[in-house]
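Structure record follows, encoded as structure tokens.
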Amino acid sequence: MNNKADVTEAGKTMIKVDPNTNTIVDPKDLAPKAEEILIDLDLAHKVIKLAEGSGAAEVEVFMIKGTDTGFSIENNVVTFASSGTEFGMGIRVIKDKRLGFGYCTNLDGAKNAVKNALNFTKLAKQTEFSFVDKSNYSKINSIFDPSILELTIDEGLELTKQLIDSGLEEDPRVIVTGGGVGFGGGTVGLATSFGVEQEYSVTEIQCGVATLIKDKSISTGFEYESSRKNDLDLTKVGKTAADLAIKGQNPQKIEPGKYDIMLMPHAMAQLLEFTVIPALYGEPALKGESVYSNKLGENVANPDISLIDDGTMENGINTAPIDDEGTPSKRTVLIENGILKTFLFDRQSALEFDQTSTGNAVRAESLGSGRSYKTVPKTKALNITVEGRHGAKPRSPNTVMAELENGLMICDLLGAHTSNPASGDFSVNSPTLFKISGGDVARAGQQVMISGNMPELMKHIIALGNDFKDVGGGLTPIAQRIPSMVIEDVRII
Amino acid sequence: MNDKLLKKAESLGVQYAEIRTVNTSGLSMELKDGELKKTITGDEKGLSIRVLFDGAWGFSATSNLSEQDNRQLNKTLETAVLLAKANSHQIKEKIELKPTKILQTSIEWKPKRNPADVAIEDKFELISDLNKRIHDFDNILTVTTGYSDGLIKVHIQNTEGLDVRTQVTRTVAQANLVARKDSNIMGYRTRVGGTFGYEIFSQVDPIEKGEYAAEALNRILSARSPPSGHMPLVADPSLAGVFAHEALGHGVEADHVVSHESIMEDKIGEMIAAEIVSIVDDSTIPGGFGSFPVDDEGVSGSRKVIIQNGVLKNFINNRETAFKLDIEPNGGARAESYQVRPLVRMSNTMIEPGDHTFEELIEDINRGIYAKGSHGGEVDTAKGTFQFNAQEAFLIEDGEITEPLKDVSLSGSTLEIMKNINALTKQREFGEPGFCGKGQFVPVGDGGPYIRISSVTVGGSE
């Protein structure tokens, strides 16, 4: 099956995209779906005028418009087909050097939002904060693919069926219990009372699948992929999930003790999301509430490893020309060859600590991985990745595994979000794992608990695979493109 | 307008259509170390249309509700029907909805003190005082206090003639504490809230909870890591509630059951827990954070007996899974917002009390753990494996609570652990309000008595 070719051929590239800004330039040529993500910056100007007329010294309007289509799987069939469109705006105002915020879904609602935002400024502390007054971002080509917006309902269903069938074909015992395919696009617009106007459009297609085998034991598998381009290999995703369930049969008991563990990208990303990454945000770090406080210039990881946040990463889940308050996106090396180099900032935390914004202002609800117009920007990592040199140079996972005499391959974790965010201590369950013996996968393992301190374990990462995978955030918008990693001497219970 | 849309849906040949309009508005504030970090207010309105066409679902949502522009509403309906039609060509087993009482009602759960009538200055003072009082304690590094209220209005209509309007208010105050002693940093979170108005704060004092949190955090700062391995454990009502939610609750959500994703499949009528264990999921508890009058497909909320004296009695369901399993709909369909479909969800999951005292629970334990509160947990329903952590814990030695422990996590298999519950107290309490994630986040409550588990896997670094 070659679904990629089918889809690409079916996608009509009718939309013209301005290569400099990634915005759609010629509405006349729009297909109906693409029209749904066009935003009207005139609306932002109306809101700015309204707020200025009501006493705001400065105004910033952030708008999101999006559309998506999705197909959900249950018990080997597509059981739910959905689509939705969304529009909303978040309005920040400054009055008497104090900030206020309100959100709404149309111009009518804006009147109330502006009134409340201005009213609430009276409680805020005075600040020298100011909204962006210039646009100087560069183009990013890898985040918009018009053929995703052109996917039809039937094509979406077909893709989902391919996902299911590729799992079922692996083994007659496999049940595809859940998952699905989703695709869509959106436009983000930002305007300030300084005359700044910025907008960009993005597309995304994602798929995920959960598998189960009930035979001698119950085993499960899962896999997912996402892309900004219409290039997903759904058959591979279905097969991978099925293979994991097949290999997971008849798990053996794992004796407690210390093991070298190979955390697959999904499991590694879960641990980093709730421990190391938020500890690298400027505000907690400079307030002394992070394990990385007062450690700039110190060795905090294996000297052969670097940790980077890159808002401009090719085809990255969170890649965009600007962040959610208009600062150009950039690449920030957080840990360079084991040495802690810098932290991440938005404009407010940068102002507070006399730093420069790293373009990491993200608007997201406190729980959830999506962007939201309903809340104010806060520092968040965008696309975290790692680099390795010398002994930690990324190599094929099999080569890396071959060096493990007595290890465990950890595919999934339960409860990573319960890690202690202040200390980085974690104690989680792994329901899906394999014993590595003599450099090879020996057998599936029964559930274990894994515990340790993640910031400390960064020094014990001894090898990297080259199986880099895009992993979206679990309960946060943090995306990661990381490979499997081997950590030595980890406590298994 | 909605009546016309439903008529149009019928003319397009659907067997069922439902329009759910949701209007949410509210305020949230966050204060860190004396400085107001954010004040958010806003209003969001949107609707979704869900249709069944020849046994297949289609769903479409929009935030564009302008009456002048019913082009958008018609398009939303047409999209839902198109999706359902396309879907119907591949579906193997036609979806049907179990008949249920056709409600035509309007229910408003009126708060005693409407948050909208409370001045913003008072709300600011509440979290400002809370912040200051916590800062008075030793070793406290930063304190983030927050307040939020929300008014959620839902209007559901369907082609069966159902027409339900509900209105509920939820109010929350919380504190996140970080303390530091030498190089040791620890965090703690506490929360007060419910499906109440501002009166919640005269029932449960956030400052009292904040002060307890600061004391507890100081204990944790100098606590040692727990022993690891299998041992007896006593959980407080808050942790017991999270246990009921994670270890059992997700496994009895009927959507997991029908897709073979639950270890509880085929277990109705079986003894799956110790005989002293009874667990209910109850969306009718006044003020419970997970309470609601009518679920998001128009079925009245109810008290669902899940386990009675150790026997699995029922699943939490929606109309679709109720039909598949041939059981009565019990009002378990909940959606995070108008943008997404209702899923089978828990409400307030409670363990029923027993007949012991707390002292009796710990007096027989030679070496074990007393654990309190939780940051939450996670479960693999297909394998029946769970993990959850405790906010605070102590060692039990020779029947006495001795030294404090930090970072206690528990893990195990649902079917084993439910049988290991061997004592429950008479006293029962609500845990802290929480949010449960299953692709969508919904407010949930839980609680129970103090419970004793004869053996559970405890994860620690010693």
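Residue numbers (my numbering), protein chains in the order written: chain A, 1386 to 1878; chain B, 172 to 633. Glycine included, each C-beta is placed from N, C-alpha and C at the ideal position. Remember, predicted model here, so these are calculated numbers, not experimental data.
Can you tell me whether DSSP reads residue i as helix, strand or coil?
{"i": "isoleucine 1738 of chain A", "result": "Looking at the sequence shown, residue 1738 of chain A is not isoleucine but phenylalanine. Looking at phenylalanine 1738 of chain A - three-state DSSP - the assignment turns out to be coil, as it is neither helix nor strand."}
{"i": "isoleucine 1713 of chain A", "result": "Strictly speaking, residue 1713 of chain A in this sequence is proline, with isoleucine absent from that position. DSSP places proline 1713 of chain A in strand when its eight states are reduced to three."}
{"i": "threonine 540 of chain B", "result": "Looking at the sequence shown, residue 540 of chain B is not threonine but isoleucine. Note: isoleucine 540 of chain B maps to strand in three-state DSSP."}
{"i": "glycine 1494 of chain A", "result": "helix"}
{"i": "asparagine 1703 of chain A", "result": "coil"}
{"i": "phenylalanine 230 of chain B", "result": "strand"}
{"i": "threonine 247 of chain B", "result": "helix"}
{"i": "leucine 333 of chain B", "result": "coil"}
{"i": "alanine 1787 of chain A", "result": "helix"}
{"i": "aspartate 1855 of chain A", "result": "strand"}
{"i": "lysine 1844 of chain A", "result": "helix"}
{"i": "isoleucine 262 of chain B", "result": "coil"}
{"i": "lysine 209 of chain B", "result": "strand"}
{"i": "isoleucine 1422 of chain A", "result": "coil"}
{"i": "serine 626 of chain B", "result": "strand"}
{"i": "methionine 1698 of chain A", "result": "coil"}
{"i": "alanine 1466 of chain A", "result": "strand"}
{"i": "isoleucine 439 of chain B", "result": "coil"}
So, at 6 Å on beta carbons, what are the nonlocal neighbours of residue i in its own chain, with the 5 sequence-adjacent residues on each side left out?
{"i": "proline 1862 of chain A", "result": "Val1747, Ala1749, Ser1754, Lys1765"}
{"i": "lysine 1413 of chain A", "result": "For lysine 1413 of chain A, the predicted structure reports a pLDDT of 41, less than 50, and the residue's modelled location is therefore unreliable. A value from the coordinates is still provided. For lysine 1413 of chain A, where only same-chain residues beyond five positions count, there are no Cβ hits under 6 Å."}
{"i": "threonine 520 of chain B", "result": "Ala415, His416, Gly420, Asp452, Asp617"}
{"i": "serine 625 of chain B", "result": "Pro403, Asn591, Asn593"}
{"i": "isoleucine 567 of chain B", "result": "Ile533, Ile536, Gly539, Tyr541"}
Under a Cβ-count criterion, where at least 16 other Cβ atoms within 10 Å of its own Cβ denotes burial, should residue i be classed as buried or exposed?
{"i": "asparagine 537 of chain B", "result": "exposed"}
{"i": "lysine 577 of chain B", "result": "buried"}
{"i": "threonine 276 of chain B", "result": "exposed"}
{"i": "serine 1781 of chain A", "result": "exposed"}
{"i": "isoleucine 1528 of chain A", "result": "buried"}
{"i": "proline 1557 of chain A", "result": "exposed"}
{"i": "glutamate 530 of chain B", "result": "exposed"}
{"i": "valine 1410 of chain A", "result": "A caution first: valine 1410 of chain A carries a pLDDT of 44, below 50, which makes its placement in the model unreliable, though a value can still be read off. When all chains shown are included, valine 1410 of chain A counts as exposed."}
{"i": "alanine 251 of chain B", "result": "buried"}
{"i": "serine 354 of chain B", "result": "exposed"}
{"i": "proline 270 of chain B", "result": "exposed"}
{"i": "glycine 1580 of chain A", "result": "exposed"}
{"i": "methionine 172 of chain B", "result": "exposed"}
{"i": "proline 1806 of chain A", "result": "buried"}
{"i": "histidine 427 of chain B", "result": "buried"}
{"i": "glutamate 1699 of chain A", "result": "exposed"}
{"i": "lysine 1759 of chain A", "result": "buried"}
{"i": "proline 377 of chain B", "result": "buried"}
{"i": "arginine 623 of chain B", "result": "buried"}
{"i": "glycine 1440 of chain A", "result": "exposed"}
{"i": "glutamate 507 of chain B", "result": "buried"}
{"i": "alanine 1864 of chain A", "result": "buried"}
Sorted by chain position, which residues of the same chain lie with C-beta nearer than 8 Å to residue i's C-beta, five sequence neighbours on each side aside?
{"i": "aspartate 1709 of chain A", "result": "Phe1447, Val1573, Leu1575, Ala1746, Val1747, Arg1748, Arg1756, Pro1762"}
{"i": "glycine 1824 of chain A", "result": "Met1786, Ala1787, Glu1788, Leu1789, Glu1790"}
{"i": "glycine 1552 of chain A", "result": "Val1559, Val1561, Val1594, Thr1596, Gly1623, Lys1624, Ala1626, Ala1627"}
{"i": "lysine 178 of chain B", "result": "none"}
Who are the near neighbours of residue i in its chain, counting only those whose CB is closer than 7 Å to its CB and skipping five residues on each side?
{"i": "lysine 1715 of chain A", "result": "Gly1696, Thr1697, Thr1743, Gly1744"}
{"i": "aspartate 526 of chain B", "result": "Lys597"}
Mind checking whether the beta-carbon of residue i lies closer than 8 Å to any heavy atom of the ligand PLP?
{"i": "leucine 198 of chain B", "result": "For the structure depicted, the ligand PLP is absent and the ligand set is empty, with no information on it obtainable."}
Exercise. In the stretch 285–312 of chain B, which residues sit with their C-beta less than 8 Å from some C-beta in chain A, listed in chain order?
Worked result: Residues Ile291, Glu292, Phe295, Leu312.
For this session: Check distances from the C-beta atoms of the stretch 1489–1502 of chain A to those of chain C and list, in chain order, the residues that come in under 9 Å.
Result: Of the protein chains in the structure, A and B, none is chain C.
Exercise. Name the residues in the stretch 396–415 of chain B whose C-beta lies less than 7 Å from a C-beta of chain A; which are they?
Worked result: Those residues of the stretch 396–415 of chain B that come within reach of chain A (Cβ to Cβ, closer than 7 Å) are Ser399, Gly400.
For this session: Within the stretch 470–520 of chain B, note down every full beta strand (DSSP E) run reaching 3 residues or more, in order along the chain.
Result: 474–479
Problem set entry | Contact residues within the stretch 1751–1773 of chain A, judged by C-beta distance below 8 Å to chain B | Within the stretch 1751–1773 of chain A, the residues whose Cβ lies closer than 8 Å to some Cβ of chain B are Leu1752, Gly1753, Lys1759, Thr1760, Val1761, listed in chain order.
Exercise. Unbroken beta strand (DSSP E) runs of length 3 or more, entirely within the stretch 375–408 of chain B: which are they?
Worked result: 400–406
For this session: Taking only runs that begin and end inside the stretch 1776–1823 of chain A, name each unbroken alpha helix (DSSP H) of 4 or more residues, in chain order.
Result: The qualifying runs are 1782–1787.
For this session: Name, going along the chain, the residues of the stretch 1449–1472 of chain A whose beta-carbon falls closer than 7 Å to a beta-carbon of chain B.
Result: Glu1459, Asn1460, Val1462, Val1463, Thr1464, Phe1465, Ala1466, Ser1467, Ser1468, Gly1469, Thr1470, Glu1471, Phe1472
Exercise. Could you give the uninterrupted runs of the alpha helix (DSSP H) lying entirely in the stretch 1638–1668 of chain A, keeping only those of 4 residues or more?
Worked result: The qualifying runs are 1650–1659.
For this session: Mind listing, in chain order, the continuous alpha helix (DSSP H) runs of no fewer than 4 residues lying wholly within the stretch 1525–1599 of chain A?
Result: Entirely contained in the stretch 1525–1599 of chain A, the alpha helix (DSSP H) runs reaching 4 residues are, in chain order, 1531–1534, 1538–1553.
Exercise. Using a beta-carbon distance cut-off of less than 7 Å, what residues from the stretch 344–362 of chain B approach chain A?
Worked result: Among the residues of the stretch 344–362 of chain B, those with a Cβ less than 7 Å away from any Cβ of chain A are Val349, Arg351, Ile356, Met357, Gly358, in the order of the chain.
Exercise. Between the stretch 1779–1810 of chain A and chain B, which residues of the former have CB atoms less than 7 Å from a CB of the latter, in chain order?
Worked result: Leu1799, Gly1800, His1802, Thr1803, Asn1805, Pro1806, Ala1807, Ser1808, Asp1810
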